[in-house]
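Here is the structure we will look at.
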Amino acid sequence: MSRALNKEGNILDLTNLLARVKPSEKASFEFSFDENSEFAAPYKFVGAGLANLEARLDGDQIKLVGEIIVPMEFVCSKCGVSFEENLFVEVNEILTSEFDQEHFVISANKVDLDDIVNQLVIVNIPSRVLCKDNCLGVCSNCGKNLNEGACDCKIKFNEDNPFVKLADKFK
Ligand SMILES: [Zn+2]
Ligand SMILES: [Zn+2]
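Heads up, the sequence shown is in the working numbering, so the first residue is 66 and it goes up one at a time.
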C-alpha cells in the first residue's frame with residue numbers, strides 16, 4: 066500500500082502513559098494526502114485534513130480516541146454530480162504492545178499517527194454516497210438529472226402504455 070501522507074512524521078510517544086505517569090497524551094495536527102494518490106478514486110482529496118487524537122489509559126488497555134476530518138470531493142452514486150463534503154472519522158481504537166492484526170501496535174513505546182490516520186481514512190471512505198438524502202438520480206431513458214426538474218419521458222411512457230389505454234376503455 067502506498068503511503069498517502071506526505072507530511073513529516075507524527076509520532077506519539079506513549080512512554081509516560083505506559084509507565085502510568087500520565088493518564089493521556091494528546092496530538093492535534095494537519096495533514097495532506099498526496100494529490101496523485103489513487104486510493105480515493107473516484108473521489109478526491111481537496112485540502113488539508115485535521116486529526117485531533119488522544120491516547121488514554123482505559124483500565125488495562127490504551128485507547129486512541131478522537132476525530133479525523135478530511136475535506137473531499139465526492140461523486141453522487143445516483144446522479145453523478147460532484148460535491149464537496151468533509152469525511153468525518155470517529156476514532157475509537159485499542160492500541161496494543163503485542164503484534165495483532167486487528168489493532169494498531171505500539172512499537173518502542175510509540176505509535177505512528179500518520180500511519181493510523183492513513184489506514185483509518187482508507188477504510189472509512191464510503192463506497193456509495195448521495196449528494197442529498199432524497200437525490201432523484203438520472204432518468205434511465207434520457208439521462209437527465211431529475212434533481213434539476215422532470216424530463217418528458219414519463220408522459221411518453223404513459224401514452225404508449227397499453228394498460229393505460231385499456232384502463233381508459235373501462236372508464
Ligand atoms: Zn445525487
Ligand atoms: Zn427522461
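Ideal placement from N, C-alpha and C gives every residue a C-beta, glycine not left out. Here the structure is a predicted model, which means the values were calculated and not measured.
So the candidates are the options; which of them puts its Cα closest to the Cα of residue i?
i    : options               : result
F169 : Y108, Q126 and C218   : Q126
G74  : S192, V182 and N174   : V182
L82  : G208, L201 and K175   : K175
D179 : P88, D99, S89 and A84 : D99
Report the three-state DSSP secondary structure of residue i (helix, strand or coil).
i    : result
L77  : strand
V186 : helix
N151 : strand
I134 : strand
Between residue i and residue j, what straight-line distance do the alpha-carbon atoms span, to the nearest angstrom?
i    : j    : result
I76  : P107 : 30 Å
E150 : M137 : 6 Å
T80  : R121 : 12 Å
E132 : G145 : 28 Å
L129 : P191 : 22 Å
Given the structure, does residue i come close to ligand 1, in the sense that its CB is under 6 Å from one of the ligand's heavy atoms?
i    : result
K143 : yes
C204 : no
C196 : yes
Assign residue i to one of two classes, buried (16 or more other C-beta atoms within 10 Å of its C-beta) or exposed (fewer than that).
i    : result
E103 : exposed
V86  : exposed
S67  : Summary for S67: the model assigns pLDDT 39, below 50, so the residue's position carries little reliability; its value from the coordinates is reported in the next sentence. Counting Cβ neighbours within 10 Å, S67 comes out exposed, since fewer than 16 surround it.
C207 : exposed
Under 6 Å from any heavy atom of ligand 2, does the C-beta of residue i make it?
i    : result
C200 : no
K109 : no
K175 : no
K209 : yes
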